[in-house]
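Q: The structure follows.
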Amino acid sequence: MVALTSLLHVLPLLLATAQGQLAGRVGPLTTAAEKNGHQNPIIDAFADCGRGGVIYIPPGDYLQTTWVHLTNGSAFAIQIDGIIYRGAAPSSQSYMFEISSSSDFEIFSSTSRGAIQGSGYLYHQSGNFVGPRLLHVNGGSDWSVHDLALVDSPMFHFVIQGATNGEVYNMAIRGGDHGGLDGIDVSGTNIWIHDVMVTNKDECVTVKVGAPTILVPQCIKRLTLHLGQTGSKNILVESIYCNSSGGCAMGSLGAGTNVSDVTYRNVYTWSSNQMFMIKSNGGSGTVSNVLFENFMGHGNAYSLDFDTAWSSMSTIEGDGIAYSNITFRNWTGTEVDGEDRPLIRVKCPALMPCTDLAIEEFALWNEEGHYALHVCEHSYGSGYCLSNATVPVTGTAAGYTTTQYINTPPAGYSATTMAEDLATAFGTSASIPIPTIPTSFYPGLTPYSPLAGASAFPSSSAYPSSSSHPSSSALPSYRRNVTASVRSSTPAGLSTLAHQTPTSSSVVSPSSEPPSACYFATSSPDVTVASSASSSMSTASASSAYDSHTEQRVPPRPHGLGGQHLQFHQHHGGRHPYH
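Per mature numbering (1 follows the signal peptide of the UniProt record, and there is no 0), the sequence shown runs over residues -23 to -1, 1 to 556.
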């Protein structure tokens, strides 16, 4: 009884002591689900860094659900060393990343392992091929994109529209086996695209004229609205690896076309729709001073396909585009069936015949054996089925059609293959793995610039076509190495992006003040974000994200910006840039 009485006296004291250690309620007042005011670290960083700084996305897996539109920046870089996964499903044809009206900028990975994974199969497996695109450079000048992988976009992968003085290199683009999943579409002036591998079943690297495009989902047929075309000029495309793709092309072209001084050189095409296609249907304008040199192909449906009555686009008003001064030189390899689909098909408008064409050193053969066809219509110049007759007056519908039957294989048609040639294409119903960027994009050639991470100081400004000019140096003042803790908050990678909706892109311009703390980084170099905010947006696991990689950890370092000015001039015949 004494013991019980003592306990009763002590108990109130114990309770008072426990209550005295807290002044009141503990814990958050709202749940995590109720917190929806998160900020976008990329947009925040660009506001600080968009004039003179580096936005750094470290190694790790990140989910992006707000589309980022960065505009009016200058002297900035976005260093993507992690993997950014699409984390939302808008139906609009918007862009996950868009850079517009900016200058002196660079988007790159310092390890060649950075990637944007679009998880497009989540659209495609239900037959939907209209959706967001991955990357858009819209206007702007003096820029580069390199050492990145773009994977499985719901729609186009990379669109360059109306830009100038740009360079794209050391990239791997891998999409589904279906039309409408373009690799690189480019329009603009003075642009160098080199050392790029593309897998898809549409455009590999294609020169456009900047016109908007509508995609009809039922038939994936492009209806091009040729409005406000600005044309493309001084474009050099070389060391391109179309690895089970649609193949490289020019077009589709329509009214007001203005394309000149374009070179494609060292293009290897494996198991694709065509080695190269020029496509139009009616229209007006000009295409001139173009060179297609050193093409090698195997297992393609078409080889040289020059079609000015392309049935997959609506007929555009006009007699046709005036094509002139175009050379095809040194083509080798094989086509799947050169009897059914001519190895050479040059089909020009009857009312606007092509002039000053040349086909030289063309050695392709039919994989089916037997014989092959060359077909030319209303096309004038020298070589093979081209006519060397006097060109008729335009608008008179006078012309010709010639079909040549080739019964024996041409000398020197045999061509080598590449080790990375895909045995089968990727479908559209399962996640597509992120590829390793190859170390060669054309047989026997190494990249103009080493892959990032392969050397201590990679440079983005090698000069094209074996030029003796030295590359420019990196710009140390370009970098602001400030940890996240210096900023007002410590973002956990890009995880906060998962809390926003992509109803519209977040458009941001940088501060006019010089950056003082703008090096966005996480406190951990290997932060991992949950795979998805919803079951419909699930992504591949980190362990299966890459085909194969050796582990590399190199200090992040921005690359020097390349000041490329590609000089073209006309020799006699006007077909040969540089040489």
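Cβ atoms here follow ideal geometry from the backbone N, Cα and C, with glycine treated the same way.
All of these numbers come straight from a predicted model, not from anything done at the bench.
If contacts are defined as beta-carbon pairs under 8 Å, then V175 and S222 qualify, I think. What distance do you get, rounded to the angstrom?
A: 5 Å
Q: Rounding to the nearest angstrom, what Cα-Cα distance links E344 and A54 in this structure?
A: 47 Å
Q: Taking I137 as the reference, which of S261, P415, D179, V122 has the closest Cα?
A: Of S261, P415, D179, V122, the residue nearest in Cα terms is V122.
Q: Using a Cβ-Cβ cut-off of 6 Å (strictly less than) and excluding sequence neighbours within five positions of S51, which residues of its own chain qualify?
A: R28, S80, D81
Q: From the DSSP output, in three-state form, read off I20 for me.
A: Residue state, collapsed to three classes: helix.
Q: Taking Cβ positions, are D124 and N142 nearer each other than 8 Å?
A: no
Q: Between D282, M273, S261, which lies nearest to M329 when the distance is taken from Cα to Cα?
A: Looking at the Cα atoms, S261 is the closest of the given residues.
Q: Can you name the start and end residues of the beta strand (DSSP E) that H351 belongs to?
A: 349 to 354
Q: Taking C-beta to C-beta, are G228 and S249 nearer than 8 Å?
A: no
Q: Bridge partners for A299 per DSSP, in chain order?
A: T263
Q: Touch check for the stretch 330 to 343 and the stretch 307 to 316: three-plus C-beta pairs under 8 Å?
A: yes
Q: When we look at the beta-carbon of residue 585 and count the other beta-carbons within 10 Å, is it buried (16 or more) or exposed?
A: This structure does not reach residue 585, given that the chain is present from -23 up to 556, and the question cannot be answered.
Q: Taking one C-beta from the stretch 315 to 322 and one from the stretch 288 to 297 each time, how about it: are there three or more such pairs within less than 8 Å?
A: no
Q: Excluding five sequence neighbours on each side, which residues of the same chain lie with their C-beta closer than 7 Å to the C-beta of D398?
A: For D398, where only same-chain residues beyond five positions count, the Cβ hits under 7 Å are N220, W247.
Q: Work out the CA separation of H171 and F85 for me, nearest whole Å.
A: 15 Å
Q: Classify Q102: buried if its beta carbon has 16 or more other beta carbons within 10 angstroms, exposed otherwise.
A: exposed
Q: Residue range of the beta strand (DSSP E) that L112 falls in?
A: 110 to 115
Q: Does the stretch 412 to 430 come close enough to the stretch 377 to 388 that 3 or more CB-CB pairs lie under 8 Å?
A: Taking 8 Å as the limit for Cβ pairs, the verdict is that the stretch 412 to 430 does not touch the stretch 377 to 388.
Q: Looking at E83 and H113, is the spacing between their C-beta atoms short of 8 Å?
A: no
Q: Please report the residue range of the alpha helix (DSSP H) in which L99 lies.
A: Where L99 is concerned, the enclosing alpha helix (DSSP H) stretches over 98 to 101.
Q: Within the same chain, show all residues whose beta-carbon is closer than 7 Å to that of D179, passing over the 5 residues directly before and after it, in chain order.
A: G156, G157, L158, D159, G223
Q: Identify the continuous beta strand (DSSP E) that holds W120 and give its terminal residues.
A: 118 to 123 is the span of the beta strand (DSSP E), which, as asked, contains W120.
Q: For A149, which option in A140, V163, H134 has the closest C-alpha, if you only look at C-alpha atoms?
A: H134
Q: Which whole runs of the beta strand (DSSP E) in the stretch 369 to 417 are 3 residues long or more, in chain order?
A: 378 to 383
Q: Under a three-way DSSP split, which group does D317 fall into?
A: coil
Q: Can the beta-carbon of N277 be found closer than 8 Å to that of M252?
A: Taking 8 Å as the Cβ cut-off, N277 and M252 qualify as a contacting pair.
Q: Compare the Cα-Cα distances from K256 to each of A366, T285, P109, T405 and report the closest residue.
A: Ranking A366, T285, P109, T405 by Cα distance to K256 puts T285 first.
Q: Would you tell me roughly how many angstroms separate the C-alpha atoms of N266 and Y39, rounded to the nearest one?
A: Each residue's alpha carbon lies about 45 Å from the other.
Q: Taking the alpha-carbon positions, what's the Y348 to A402 distance?
A: Annotation: Y348 to A402 spans about 28 Å, alpha carbon to alpha carbon.
Q: On the DSSP letters alone, give me the boundaries of the beta strand (DSSP E) that L61 sits inside.
A: One detail in the question is off: residue 61 reads as Ile in this sequence, not Leu. 60 to 63 is the extent of the beta strand (DSSP E) around I61.
Q: For D284, which of helix, strand or coil comes out of DSSP?
A: strand
Q: Starting from F133, trace the beta strand (DSSP E) in both directions and tell me its first and last residue.
A: Looking at the DSSP string, F133 is not in any beta strand (DSSP E), and its letter there is neither H nor E.
Q: List the residues that DSSP assigns as beta-bridge partners of T166.
A: DSSP, once it has assigned bridges, lists T141, K210 as partnering T166.
Q: Pull up the DSSP beta-bridge partners for G224, would you.
A: E180
Q: Give me the DSSP bridge partner(s) of F106.
A: In the DSSP output, where bridge partners are listed per residue, F106 has none listed.
Q: In whole angstroms, what is the alpha-carbon distance linking M273 and S164?
A: Taken atom to atom, the span from the alpha-carbon of M273 to that of S164 is near 25 Å.
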